[in-house]
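Protein chains in written order, with the working numbering: chain A, 1 to 691; chain B, 1 to 297.
Note that the Cβ used here is the ideal one computed from N, Cα and C, for glycine as well.
Quick caveat: nothing in here was measured; it's all calculated off a predicted structure.
Each remark here refers to the structure printed beneath this line.
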Amino acid sequence: MSNQPVKATLVQDHPKDSSALLIAVASVLLMGLGQFLNRQWAKGVLFLAIPLLFVGIEFGTGSWDKMDQGYHSDYVNYFGQLALSTLEDQNSALTTVVTKDAVLSNPMTDLVAPSQGGKDIDGAYVQVTANYEGQPHGYLIPESVALALVSAKTGSEVSSLSDAELAQLGGLIPAWGVPFTAKLGELEGKSLAMTPGGAQLRTDAKLEGTQPLVRVRYDLNLDGNDVGSYYEYVAATLAQNAVGPVPRDGEVRYPVRDYGGYFTRGIWGMVTLGALVIGNDYRGLTMEAFNADKPWASADDSSKLLARGLIASVVIAFLLFAWLMNILDAYKSRKQYLKTGTVQGFVEYVKDLWERSYVWILIAPSMVLIAFFTVIPFVYTFLCSFTNWTYKIYLIQMLVSWKGIAEYLTVFAEPAWLSVFFQVFGWTIIWALASSVTVYVLGFAHALVIESPLVRGKKLWRTILIIPWAFPALVSLLAFRNVFDKDGLMNQILLATGMMKPLSDLLYGIGLEGKPDDIIFWFDPPYNANLAKFVAIMVNLWVGAPYFMMLMTGIMSTIPADRYEAAMIDGASAFQKFRYITLPLVVTATIPAMVMTVTFNFNNFGALYFLTGGGPAWLLENLPDALRTWTNSMPGQTDILMTWVYKISFNANSQLYNKAAVYTVFIFLILGIFSVVNMRLTKAFDEEGEE
Amino acid sequence: MTKTTRRLMPGTRNVLASILLYSWLILFCLITLIPLLWMVWASLSKGKLVTGVSLIPNLSSFSWEHYEYLFTYSSTQKEGAISDFVAAFGRTLTVALLNTVVVLTLSVMFGYAVSRFRFRGKKLIMYTLLILQLFPAFMGMVAIMVIFRDFGWLRNANYFVLVYAAGMIPLNVFMFRGFMASIPLSLDEAAMIDGASRTTTFIRILLPVTLPIIGFMAVNAFMAPWMDFMLPSVFLDKKSETLAVLLYRWTDKFTTLTYSPLNFMAGGLLVGIPIMLVQFYMQRFVVYGLTAGADKG
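Right, dumping it as structure tokens:
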């Protein structure tokens with residue numbers, strides 16, 4: 001808000017003092033209304049545009065306008081003709097297949113003829129009647145009756161044709177996994193009544209140029225023997241725009257789901273996690289994986305609904321923010337007017353807006369990226385931890401549902417899961433600390449050695465020692481995986497120098513190796529877990545020490561030489577100089593870097609996944625009985641939380657997304673502690689305090 | 001801990017210290033170099049497995065076959081098809097370049113805003129960034145997967161840039177801000193008095209001065225896609241994978257069909273050495289960034 005109000009619109013009558021509040025209320029009711037009342041027309045339009053845009057998106061992405069049309073069909077339908085003459089089968093005497101126009105003949109709904117103003121309906125009504133007269137021991141096997149749309153040219157079922165074959169026949173328009181065959185279920189007396197859900201032959205497929213056939217297939221039983229399958233064909237006719245009332249199953253049970261736009265549907269989806277899954281009947285149609293023409297006939301995918309709901313929530317939050325700003329602005333403008341008799345003019349407003357939004361324009365793209373790809377995913381994960389989403393929930397075929405803190409209870413209250421968690425978490429802590437401290441100490445030692453005045457050729461030594469930093473860690477870690485292979489470099493060196501046996505005995509003696517093997521298996525057998533852990537820390541040392549060496553030589557080179565000179569004059573020993581000058585300076589300067597390194601190592605996926613792959617596996621006796629069935633989700637002995645979460649989430653037959661989410665939330669909390677520590681240590685906010 | 005001394009007087013103490021220092025250096029240089037040399041030698045050996053690749057080069061098993069494999073083998077089996085390795089290299093390079101451009105542009109814009117302007121909500125934003133920089137983007141990987149699937153972005157590594165950028169911007173902003181704090185305000189003010197707009201001032205005056213920190217951010221942004229395994233391993237298939245996944249598969253014993261450690265050695269060197277040279281070249285920036293980062297957290 002500019003502090004320099006300018007004369008703008010002429011205001012005629014001076015309103016009373018309470019008007020500011022009233023105008024704020026006006027803005028509460030409709031964004032921009034308060035500004036209009038303040039006679040800030042342009043600003044009002046700007047504010048009004050925001051909810052209009054919002055409503056526009058809602059209606060543009062939804063189909064609220066179609067709601068009153070009920071069960072509307074744009075389908076092209078085939079109806080079987082009353083054409084018994086085309087029956088090719090010898091058993092025609094036994095059965096009568098009657099296919100009728102659904103509009104005129106469907107007994108299930110009270111249809112109104114098109115001429116009488118009925119509404120659209122699609123589907124064919126087909127009736128198969130078995131004529132048992134004169135065939136005492138024969139009957140039709142009811143479960144076997146099936147209908148299919150068949151190409152008259154080739155005789156093949158439309159649903160079995162490939163795209164190329166369909167194209168030859170003239171193309172199929174449009175077919176989104178529509179079921180072409182329907183099975184009959186019931187035998188009522190001597191005739192098969194086909195319920196609208198079961199036996200209607202309904203399709204949005206159209207074979208251009210040829211008249212297709214409806215094929216009725218059924219199995220017969222004569223004299224107690226199944227005599228096989230029979231087919232009867234009737235010519236299908238195209239019946240467009242058949243009209244009927246809204247059938248009973250056309251009821252709209254989920255209006256928001258069926259017609260909602262991005263926001264309403266998003267919120268609906270987030271709250272309910274979906275309603276209908278593939279194969280279910282809804283409003284006379286079978287749910288499909290995806291139906292472009294009738295979006296509501298597409299099955300719900302809980303995971304997508306949750307994501308879209310979150311995105312919608314973020315946009316709604318923005319709207320709310322703008323709404324608050326609008327109320328505040330209307331109120332303040334009025335107050336200002338009451339005080340000075342003027343309101344801010346539009347040109348000034350735009351100038352002011354540009355001034356203020358310059359930084360926001362700079363920041364906005366990054367903020368959007370961070371919101372979408374860091375914040376929303378994390379909130380999503382957080383929400384996931386309250387669901388039952390695992391690999392057992394086949395999305396689209398099943399729905400995910402909210403389960404409260406059930407998963408937290410499983411993970412942290414069931415002794416079996418808790419014991420595995422403790423083993424992994426314990427190692428994660430040890431790993432994070434040990435790998436960071438070793439790297440720090442060795443890096444410091446390297447730096448001290450290189451910076452020593454006794455050493456010549458500093459540049460050369462330095463260049464060699466930072467190779468592991470410059471070389472991509474992914475490649476070096478994978479290479480180390482081979483170095484510590486059974487036939488790898490390490491064992492070859494040991495064998496060649498005759499050190500294998502003594503070293504193996506030594507490792508066994510100090511408890512790193514579980515058995516004194518003749519060849520050391522570094523990462524494989526369960527009893528060598530300690531060895532694998534030790535090697536992982538050592539390899540991380542190889543990879544990570546140069547970073548600290550670089551950092552510390554950088555810092556040490558900034559220590560003014562006169563400090564050392566002064567110390568020398570005072571007769572300080574080399575150790576004293578190190579103890580009282582180098583050490584404190586380097587340590588204080590590297591504390592933030594150290595916190596970052598511990599944090600990084602806490603989540604250092606690569607160092608373990610690439611090197612050991614999390615192995616060796618658990619000894620079976622260490623694995624709680626209750627978890628034997630979850631072997632694909634179980635961590636290896638060198639798995640840290642992060643690699644375990646990765647395995648739980650993405651290993652085949654593991655995908656326990658909810659459990660992974662619970663552990664991720666846990667990691668989040670731990671990292672939160674780190675970040676508090678980091679915030680305390682960092683000086684970044686000192687200058688912020690003044691503002 | 002080795003003690004150092006500045007007293008350059010001749011004496012046994014210095015000689016002893018020198019011996020200690022040099023043996024330390026030689027020992028660690030050997031430890032550094034031997035695995036890499038072994039890699040080089042393994043990549044030039046015949047056969048499929050590391051068995052028999054000894055430390056001392058055995059000339060009778062010398063062969064270029066693994067390098068040939070890298071440039072000729074294509075799983076599509078088509079005539080004239082680009083080899084898997086080269087294709088993956090190209091894809092990774094594309095992502096790396098894209099990532100560098102996106103991350104630099106956005107970080108620098110953001111960094112400029114928070115280092116030179118005062119505005120409401122700045123403190124909140126900085127605290128949010130400080131928290132966010134600790135959380136790796138893949139903590140929400142399942143969600144990213146769902147969003148990518150919804151947008152039809154799976155099987156294309158280029159979209160990873162969005163995730164990488166979101167993850168890298170917070171730390172970059174802090175480093176950039178720390179760097180800008182060392183540039184006197186009078187520099188911008190002089191330009192502004194001359195009538196330059198904020199954008200011009202930034203591009204003409206400030207950007208050239210901040211090159212060291214931008215260089216550091218560029219190195220990090222360029223490296224991320226080569227190192228990232230998690231996103232590509234879940235989101236990509238064999239036709240769209242990046243080098244990290246390809247290399248991993250060659251060293252993974254459980255995928256017996258593709259397990260070929262010696263091909264990995266060759267491929268790893270071909271990836272690693274150029275990257276290493278880039279890193280060496282950019283090293284002065286990196287040292288700068290590290291110490292700046294140490295100052296500012």
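Per DSSP, the continuous alpha helix (DSSP H) segment holding G544(A) begins and ends at 529-557. Taking the Cα of V28(A) as reference, the smallest distance to any Cα among G309(A), I327(A), G44(A) is reached at I327(A). Using a Cβ distance threshold of 8 Å, M550(A) and T582(A) do not count as a contacting pair.
At a cut-off of 8 Å, the C-beta of D237(B) has no neighbouring C-beta in chain A. A contact is defined here as three or more CB-CB pairs under 8 Å, and the stretch 132-147 of chain B meets this definition with respect to the stretch 165-185 of chain B.
Leaving aside the five residues that flank N601(A) on each side, the residues in its chain whose CB is nearer than 7 Å to its CB run, in chain order, W431, A432, S435, S436.
Any Cβ of chain B closer than 8 Å to the Cβ of K66(A) would place that residue at the interface, and such an atom is absent. When Cβ-Cβ separations below 8 Å define contact, F605(A) makes contact with chain B. The shortest CA-to-CA distance from F444(A) to any of L507(A), D517(A), V587(A) is the one to V587(A). The C-beta distance from Y646(A) to F605(A) rounds to 7 Å, short enough to meet the 8 Å contact threshold. Annotation: L656(A) is outside any alpha helix (DSSP H) and is labelled neither H nor E by DSSP. Only I464, L465, I466, I467, P468, W469, A470, F471, P472, A473, L474, V475, S476, L478, A479, F480, R481, N482, V483, D485, D487 from the stretch 464-487 of chain A bring a Cβ to less than 8 Å from some Cβ of chain B. F321(A): member of the alpha helix (DSSP H) spanning 302-340, first to last residue. Secondary structure of W402(A) (DSSP, three-state): strand. In the structure shown, the three-state DSSP call for D228(B) is coil.
Taking a contact to require three or more Cβ pairs closer than 8 Å, the stretch 401-419 of chain A and the stretch 148-165 of chain B do not qualify as touching.
In terms of beta-carbon proximity, I363(A) lines the interface with chain B, with at least one pair separated by less than 8 Å. By the C-beta criterion, the stretch 469-478 of chain A is judged to be in contact with the stretch 605-614 of chain A, since at least 3 inter-stretch pairs fall below 8 Å. Any Cβ of chain A closer than 8 Å to the Cβ of M168(B) would place that residue at the interface, and such an atom is absent.
Boundaries of the alpha helix (DSSP H) around D150(B): 141-151. The beta carbon of G272(B) falls within 8 Å of a beta carbon belonging to chain A, placing the residue at that interface. Under the DSSP assignment, A87(B) falls in the alpha helix (DSSP H) whose first and last residues are 84-116. No Cβ of chain B is located within less than 8 Å of the beta carbon of F425(A).
Taking the Cβ atoms as the reference, S649(A) lies roughly 6 Å from V142(B), within the contact range of under 8 Å.
Rounded to whole angstroms, the Cβ separation of P546(A) and P468(A) is 5 Å, and the two are in contact under 8 Å. Taking a beta-carbon distance threshold of 8 Å, W323(A) does not count as an interface residue toward chain B.
Between the stretch 506-526 of chain A and the stretch 405-412 of chain A there are fewer than three inter-stretch CB-CB distances shorter than 8 Å, so the stretches are not counted as touching.
When Cβ-Cβ separations below 8 Å define contact, G140(B) makes contact with chain A.
For K647(A), the uninterrupted alpha helix (DSSP H) segment begins and ends at 641-650. By the criterion of a C-beta distance shorter than 8 Å, L269(B) is surrounded in its chain by M39, V40, S43, once the five residues flanking it on both sides are discounted.
For Y73(B), the secondary structure class from DSSP, reduced to helix, strand or coil, is coil. Spatial neighbours of V173(B) in its own chain (CB-CB distance under 7 Å, excluding positions within 5 residues in sequence) are listed in chain order as S107, F110, G111, V114, L129. Not flagged as an interface residue toward chain B: L328(A), since no C-beta distance is shorter than 8 Å. Around the Cβ of Y281(B), a 10 Å sphere holds fewer than 16 other Cβ atoms; the residue is exposed. Membership of F521(A) in any alpha helix (DSSP H) is not indicated, and neither H nor E is assigned to it by DSSP. Closer than 9 Å at the C-beta level to chain B, one finds these residues of the stretch 296-310 of chain A: D301, S303, K304, L306, A307, R308, L310.
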